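Before any comments, here is the structure.
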C-alpha cells in the first residue's frame with residue numbers, strides 16, 4: 001500500500017495544475033507531494049488529517065496544504081456504505097514554489113508572498129468569512145488557460161496573502177519528515193481509527209494493526225502525532241460529533257451525537273467535549289448558530 005510520495009504530473013504548458021474531481025469519495029490513503037495544494041471542497045464531508053492535526057470539512061471549506069505535508073481527506077463512513085449514492089466534488093490547485101515556479105517566487109516583487117507561504121509552511125484553513133472570494137479565485141484559475149491562468153493565480157495569491165483569521169493546519173514545529181515505510185504504517189493506523197472510531201477500540205487492537213506491542217505503539221504514535229492514542233481517538237470522535245451537531249437540515253441532538261460518535265456515556269461525552277473545544281456542547285451549538293446567523 002504505497003502512500004508516500006505522491007507525484008503530480010505537469011503538462012509542458014502549465015506551471016499551476018488545476019484539477020476538479022467528482023467521485024464517490026476522496027482518495028483514501030495518507031500521502032504527500034512536493035507541491036502546495038489549495039483545495040475547495042464543493043461537495044462532501046469528513047475529516048482532513050494534516051500532519052499531526054485534524055480538521056472537519058464540509059462543502060465550502062478551503063484548505064491550503066503545504067508542500068510535503070502528509071494529508072488525507074477522509075470522507076465520512078456513509079460514503080463507503082454498500083449502495084451509497086453519495087459523491088464528493090472538489091477543485092484543487094497545485095504549485096511548487098521551489099520547483100517549476102521557483103523563478104517566479106524568487107522575483108523581488110514576490111518576496112512578501114513567498115515569505116508568507118514559508119511562514120505558514122504547513123498550510124491553513126481559510127476563515128469561513130473569506131470562502132466566497134477565495135472560491136471565486138480558484139474557479140477563475142481553473143477556467144483560464146495560458147498566461148491568463150498565471151495572472152489569475154497571482155491575483156489569488158495576493159488575496160490569500162491579505163486574509164485574516166486563517167487557522168493553521170498543524171503546529172509550526174511539526175516535522176513532516178517521514179520515511180515511506182513509516183507513512184504506510186501510519187496510514188494503516190489512521191485508516192483503522194477512522195473506520196472504527198464510533199465503536200469500542202482497545203489499545204491492543206490498534207497496536208496489532210501496526211504490528212507492535214502496546215507500549216511500542218504508544219511511543220510510536222506519540223512521536224508521529226504528538227498525541228496519546230486515546231486523546232487522538234477522542235479528538236476524532238468530538239470532531240464527528242461537532243459535524244453532526246451542526247449539520248444543515250436535521251442536526252443530531254446532543255445524546256445522539258454522543259452515541260453516534262462512539263461515546264457510551266453522556267457525562268463522559270460532555271467532559272471530553274469541553275476539554276477539547278473549551279465549551280459545553282450546548283455552548284458550542286449556540287456559538288456556531290450565532291456566527292452562522294441561524
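In the UniProt record's numbering, the protein residues as written are 1 to 294. Cβ atoms here follow ideal geometry from the backbone N, Cα and C, with glycine treated the same way. Everything numeric in this text was worked out from a predicted model, so none of it was measured.
Residue i burial status per 10 Å Cβ neighbour count (16 or more: buried)
i           : result
residue 283 : exposed
residue 281 : buried
residue 148 : exposed
residue 190 : buried
residue 35  : buried
residue 80  : exposed
residue 114 : buried
residue 172 : exposed
residue 278 : exposed
residue 107 : exposed
residue 152 : buried
residue 22  : exposed
residue 285 : buried
Own chain residues within Cβ distance below 6 Å of residue i, not counting five before or after
i           : result
residue 72  : 30 and 49
residue 47  : 54, 56, 74 and 239
residue 290 : none
residue 43  : 59, 88 and 89
residue 45  : 58 and 76
residue 120 : none
From the options, residue whose alpha carbon lies closest to that of residue i
i           : options               : result
residue 137 : 62, 118 and 268       : 62
residue 69  : 58, 91 and 54         : 54
residue 95  : 16, 151 and 156       : 16
residue 210 : 227, 187 and 223      : 187
residue 246 : 110, 108, 287 and 22  : 287
residue 76  : 67, 155, 57 and 122   : 57
residue 212 : 28, 241, 182 and 231  : 182
residue 160 : 132, 172 and 175      : 132
residue 110 : 270, 145, 41 and 154  : 154
residue 225 : 52, 289 and 175       : 52
residue 59  : 252, 272 and 243      : 243
residue 135 : 146, 117 and 157      : 157
residue 67  : 175, 233, 254 and 162 : 175
residue 263 : 279, 277 and 241      : 241
residue 37  : 272, 144 and 122      : 122
residue 231 : 273, 248 and 249      : 273
residue 150 : 93, 223 and 45        : 93
residue 82  : 24, 250, 103 and 249  : 24
Residue-chain proximity (residue i, chain D), Cβ-Cβ < 9 Å
i           : result
residue 141 : Given the protein chain composition of this structure (a single chain), no chain D is represented.
Check: residue i C-beta below 8 Å from any heavy atom of the ligand SAM
i           : result
residue 174 : Absence of the ligand SAM from the depicted structure is noted, as is the absence of any ligand whatsoever, leaving it without description.
Cβ-based neighbour list, residue i, same chain, cut-off 7 Å, excluding 5 preceding and 5 following
i           : result
residue 229 : 203, 206, 218 and 221
residue 142 : 18, 20 and 91
residue 139 : 91
residue 275 : none
residue 260 : 198, 244 and 252
residue 5   : Caution is warranted here: a pLDDT of 46 is assigned to residue 5, below 50, making its placement in the model unreliable, and the coordinate value is therefore given only provisionally. The residues are 32 and 33.
residue 268 : none
residue 105 : 97 and 114
residue 116 : 161
residue 192 : 206 and 209
residue 233 : 193, 197 and 201
Supposed contact pair residue j and residue i - C-beta distance, whole angstroms, cut 8 Å
i           : j           : result
residue 65  : residue 100 : 17 Å between Cβ atoms; not a contact.
residue 97  : residue 26  : The pair is not a contact, with the Cβ atoms about 25 Å apart (cut-off 8 Å).
residue 258 : residue 266 : 6 Å
Close-in-space but distant-in-sequence residues of the same chain around residue i (CB under 8 Å, 5 per side omitted)
i           : result
residue 78  : 84 and 86
residue 214 : 203, 204 and 207
residue 227 : 52, 221 and 235
residue 163 : 126, 127, 130 and 134
residue 255 : 266
residue 112 : 161
residue 216 : 207
Three or more C-beta pairs below 8 Å linking the region 232-251 and the region 191-211: With three or more CB-CB distances shorter than 8 Å, the region 232-251 counts as touching the region 191-211.
Sufficient close CB pairs (3 or more, under 8 Å) joining the region 115-129 to the region 161-177: Contact between the region 115-129 and the region 161-177 is present, because at least three Cβ pairs lie under 8 Å.
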